[in-house]
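Have a look at the structure below before the remarks.
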Amino acid sequence: AIKGFSPVNITVAAVLFLLVCLHLAAADAKVKLGKEKISHLHFYFHDLVDGKNVTAVKVASAPTTDSYFTQFGLVRVMDDWLTEGPEATSKMVGRAQGIYVSSCQQTVQLLMASTFVFQSGKYNGSTLAMVGKNAVFDEVREMPIVGGSGLFRLARGYALARTHSFNLKSGNAVVEYNITVLHY
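Using mature numbering (1 follows the signal peptide of the UniProt record, and there is no 0), the letters of the sequence shown map in sequence onto residues -27 to -1, 1 to 157.
Structure (structure tokens):
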């Protein structure tokens, strides 16, 4: 022990010092979220599975995948373009990065896990996370927004998807997205 201090006093002082340090660190780590707001986003998603500029590639399938009209068991990884308009030449606003899986034997339904990564404009550097069922031949599909980052921290909401165009021969599609999110 240090001269004049008992081991108990040293231990108590050390514990109190650590508690004060932890409290100060926790106070600094608190994030000020501000007021909750609602945002509406509109863009087009270009899913190109065939051709010169492929944006979604097959990474796995079951031995029986080709025996199903629905391609049940097919897994694709995507890095799809997000644009302001439906044309491929329209201004790019970001990318949809993630996976989709053909997850139904009877109808064409995809399980989608996608991060919308915004690369220009007001939301540059922010992301939204979408996970859900996409019944691709329904006129309008609703999928949940389950989170986000940057300006979309703690986001929650929904995405409405509507097919703008689909090429039956190539499988390429352009999908219009309207997203409503609550965030801080």
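By construction, the Cβ of each residue, glycine as well, lies at the ideal position given by its N, Cα and C atoms. Given the structure is predicted, the values throughout are model-derived calculations rather than measurements.
- Thinking C-alpha only, which one of N140, S12, L6 and K5 is nearest K95? Here residue 95 is taken as the residue at index 122 of the sequence shown, counted from 1. Comparing Cα positions, the closest option is S12.
- Query: Just to confirm, are L155 and R129 a CB contact at a threshold of 7 angstroms?
  - Reply: Translated into the one-based positions of the sequence shown, residue 155 becomes position 182. Translated into the one-based positions of the sequence shown, residue 129 becomes position 156. Yes, they are a contact pair.
- Message: Am I right that A29 and V22 are in contact with their C-beta atoms under 8 angstroms? What's the rounded C-beta distance?
- Response: Here residue 29 refers to the residue found at position 56 of the sequence shown. Here residue 22 refers to the residue found at position 49 of the sequence shown. Contact holds; Cβ gap of about 5 angstroms.
- Item | Per-residue DSSP class, three states only, for K10 | In the sequence shown, residue 10 corresponds to position 37, counting from 1. If DSSP states are grouped into helix, strand and coil, K10 belongs with the strands.
- Message: Helix, strand or coil for Y96? Go by DSSP, reduced to three states.
- Response: Here residue 96 refers to the residue found at position 123 when the sequence shown is read from its first residue. Three-state result, Y96: helix.
- Query: What is the DSSP secondary structure of G58, reduced to helix, strand or coil?
  - Reply: Residue 58 sits at position 85 when you count from the first residue of the sequence shown. G58 falls in the coil class under three-state DSSP.
- Message: Taking 6 angstroms as the limit between beta carbons, can you name the residues of its chain near I72, skipping five residues before and five after?
- Response: Translated into the one-based positions of the sequence shown, residue 72 becomes position 99. Here the set comprises V50 and A86.
- Query: Which whole-angstrom value describes the C-beta separation of T88 and G123, a residue pair presumed to lie in contact below a C-beta threshold of 8 angstroms?
  - Reply: What you label residue 88 is simply residue 115 of the sequence shown in a count that begins at 1. What you label residue 123 is simply residue 150 of the sequence shown in a count that begins at 1. That pair is no contact at about 12 angstroms.
- Roughly how far, in whole angstroms, is the beta-carbon of R135 from the beta-carbon of E115, given that I think they are within contact range, below 8 angstroms? Position 162 of the sequence shown, counting from 1, holds the residue named residue 135. Position 142 of the sequence shown, counting from 1, holds the residue named residue 115. At roughly 11 angstroms, the Cβ-Cβ gap does not stay under 8 angstroms, so R135 and E115 are not in contact.
- Item | Buried or exposed by the 16-neighbour rule on C-beta atoms within 10 Å, applied to Q82 | For the purposes of this step, residue 82 is taken as the residue at position 109 of the sequence shown. It counts as buried.
- Query: Helix or strand or just coil, what does DSSP make of L124?
  - Reply: For this step, residue 124 is matched to residue 151 along the sequence shown. Helix at L124.
- Complete runs of the alpha helix (DSSP H) confined to the stretch 102 to 157 [at least 4 residues]: none
- For T38, the three-state DSSP class (helix, strand or coil): For the purposes of this step, residue 38 is identified with residue 65 of the sequence shown, where counting begins at 1. Of the three classes helix, strand and coil, the one that applies to T38 here is helix, per DSSP.
- Task: Using alpha carbons as the reference points, say which of S75, H19 and L55 lies closest to N140.
- Result: By 1-based counting over the sequence shown, the position of residue 140 is 167. Ranking the options by Cα distance to N140, first place goes to H19.
- Item | Nearest residue (CA-CA) to Y17, options D39, P36 and A132 | Numbered from its first residue, the sequence shown carries residue 17 at position 44. When only C-alpha atoms are compared, the closest one is A132.
- F45 (DSSP reduced to helix, strand or coil): Taking the sequence shown and counting its residues from 1, the one referred to as residue 45 is at position 72. Coil at F45, not helix or strand.
- Which value, in whole angstroms, describes the spacing of the CA atoms of V48 and G121? Reading the sequence shown from its first residue, position 75 is the one you call residue 48. Reading the sequence shown from its first residue, position 148 is the one you call residue 121. Going from the Cα of V48 to the Cα of G121 covers about 24 angstroms.
- In terms of residues, what are the limits of the beta strand (DSSP E) holding S32? In the sequence shown, counting from the first residue as 1, residue 32 sits at position 59. Sequence inspection shows Val at residue 32; the Ser mentioned does not correspond to that position. First-last of the beta strand (DSSP E) with V32: A29 to A33.
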